[in-house]
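Numbering (my numbering), first residue to last: 213 to 820.
Structure first, then comments.
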């Protein structure tokens, strides 16, 4: 049984998911080079990059504006829970509909959740009025309310506009010359940029080793920022050690994180914004992790479009073992110096890498790795893999592959699709050698080469094997070879089972903690949790799994409510009314990946 490939496939790759032709670069790099950069900011680098033969295969990801979150409801809670029975159940059901339907999901559209994972619910910290007013005015570029003048507002706005234009000139220069090295960048880290970086931090984030919280720092924000800026520019700034904490992974193992101090977070966020103006023009199109304007669903859409439209018969599911803890500082400095010549920026990065880790009161130096959880770590990780993996992969598939090759990388997790098995086996063998040169290795249990694609299912049946073709997991979804109703190939995406089990366990634990909260409070919390879960997992072909998740949440809530009553038991009929009122319906919120991929690339992707 054979099925012909889609007619009209282009012979070159896709800059977003599988660029294999130099024509792809022109798509993102066309246009006049407007603006100029002062000569003191830039000098020509005489040293070649590690992969000069791959030079020119870099495309810039498109930027998107973030979507605006809906307003939060301000509904009064119901008081008075009986120790012997759930008297508030009927009262909550009879309450006004507007109070119970805060944040109703009926008005959601796929575009609202199409390119990013839903955030966890955040309860804002209520600050004193003076602090809130000062921080808000500072973040908006205004002076204090008392004695505020139009001249102050105009001056502040002009400075912000000039700072934005300065980064635009840096971006245009980096885009026009891939060997250009920038020698004067620290002056872009001014008070306005530091203020914006501070306002972007989470107010309830855990403090670092110094114990300073967002609220405490905001009480004297302007004085603190001026002092921080002066220490930065005279070289007196000292990075603090990261506080080591552990969070559970989906498989139950602990994941080490490094919590930076508040000032380190501010400076790192401001520096990352400046460096992104350069590196976003260098990173390749198939890199999606931790980049502005890109998210997990962009990577998933690109992977689906590549497998559906290209000649993919084999899939390499690869994961780098302990990547963030294995980054070699020496190689990282060399990679950064290819584009960054400002010694002050380089010293800042070195300070963050050498700051060490504080765990249980003991300080440990960090000779390798970058703290997972630090603001600057994702950018440094992308820079490291850009030179170690991305450029090498781009060169390999354009020069050594005999068939189509599809690549999608999200941080240290990447998928490579091949037309021929021989290409896949050669690539895997050479990839191991390539990573070993930079002190990296593939995870043996998480790296697999499987038969996957439109011919995997018929070939599997013809061989007489009883089971279906193997599946692979990527970004929380299990990808399955299937058939549509009309018999065509369909790559079905389902929620990864261990992810759903882990989420249900978290909900069960939190429900026990909220056992004696009012039903309205519990309903609002569950509504936000389920809505956030659907915002990420409610993709086409996953309706059964999200429906199962909603059912399991209903049962967990039902058992929790029955536990707190000693005399009158809650029946399922009443519980069904609570579920219908508070839990969003299980409906698909995302469009088909091919459709959204075409919209995002505006129909110009060479994968067509």
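In this text, a Cβ means the ideal position worked out from N, Cα and C, and glycines have one as well.
Counting every other CB atom within 10 Å of its CB across the protein chains shown gives residue 728 a total below 16, marking it as exposed.
DSSP places residue 574 in no alpha helix (DSSP H) but in the uninterrupted beta strand (DSSP E) bounded by 574–576. Relative to residue 557, the option among 572, 659, 533, 479 whose CA is nearest is 479.
Going by DSSP, residue 645 is part of the alpha helix (DSSP H) stretching over 633–648. If one requires a minimum length of 3 residues, no beta strand (DSSP E) run lies completely within the region 488–528.
If you compare the alpha carbons of 467, 639, 440, 517 with that of residue 810, the shortest gap goes to 517. Judged by beta-carbon spacing, residue 486 lies beyond the 8 Å limit of residue 560, meaning their Cβ atoms are not closer than that value. Rounded to whole angstroms, the separation of the alpha carbons of residue 610 and residue 545 is 28 Å. It is roughly 5 Å from the alpha-carbon of residue 456 to the alpha-carbon of residue 470.
The beta-carbon separation of residue 624 and residue 496, rounded to 15 Å, does not stay under the 8 Å limit for a contact. Per DSSP, reduced to three states, the secondary structure at residue 651 is coil, with no helix or strand assignment.
A check of alpha carbon separations from residue 417 across 475, 387, 407 identifies 475 as the nearest. About 4 Å separates the CB atoms of residue 704 and residue 694; that is less than 8 Å, so the two are in contact.
The three-state reading of DSSP puts residue 401 in coil, since its state is none of H, G, I, E or B. Between residue 737 and residue 396, the alpha-carbon positions lie close to 48 Å from each other.
Counting along the chain, residue 532 sits inside no alpha helix (DSSP H), nor does DSSP assign it H or E at all. Residue state for residue 571 is assigned as strand, using DSSP reduced to three classes. In the structure shown, residue 470 adopts extended strand secondary structure according to DSSP, grouped into three states. Annotation note: the region 768–794 contains the following uninterrupted alpha helix (DSSP H) runs of length 4 or greater, listed N- to C-terminal: 784–794.
Note that the C-beta distance between residue 427 and residue 415 is below 8 Å.
In the displayed model, residue 624 falls within coil according to three-state DSSP, outside both helix and strand. Shortest Cα-Cα distance from residue 390 to any of 616, 622, 492, 642 involves 492. DSSP places residue 582 in the coil class of the three-state scheme, outside both helix and strand. Around the C-beta of residue 532, 16 or more other C-beta atoms lie within 10 Å, and the residue is accordingly described as buried. Cβ neighbours of residue 696 within its own chain (closer than 6 Å, five residues either side excluded): 702.
Excluding the 5 residues flanking it on each side, residue 613 has same chain C-beta neighbours closer than 6 Å at 635, in chain order.
DSSP places residue 751 outside any alpha helix (DSSP H), giving it a letter other than H or E. Under the three-state reduction of DSSP output, residue 659 falls in the coil class, being neither helix nor strand.
Between the alpha carbons of residue 549 and residue 655 lies a gap of roughly 29 Å. If you ignore the 5 residues before and after residue 651, its C-beta comes within less than 7 Å of the C-beta of 538, 540, all in its own chain and listed in chain order.
If the five residues before and after residue 585 are omitted, its C-beta is found closer than 7 Å to the C-beta atoms of 469, 470, 471, all from its own chain and listed in chain order. Boundaries of the beta strand (DSSP E) harbouring residue 706: 701–707, taken from the DSSP string. If you draw a straight line from the Cα of residue 639 to the Cα of residue 618, it is about 12 Å long.
Under the 10 Å beta carbon count, residue 763 is surrounded by fewer than 16 other beta carbons and is classified as exposed. Taking all protein chains shown into account, residue 641 has fewer than 16 neighbouring C-beta atoms within 10 Å of its C-beta and is therefore exposed.
Straight-line spacing of the CA atoms in residue 792 and residue 690 works out to 29 Å.
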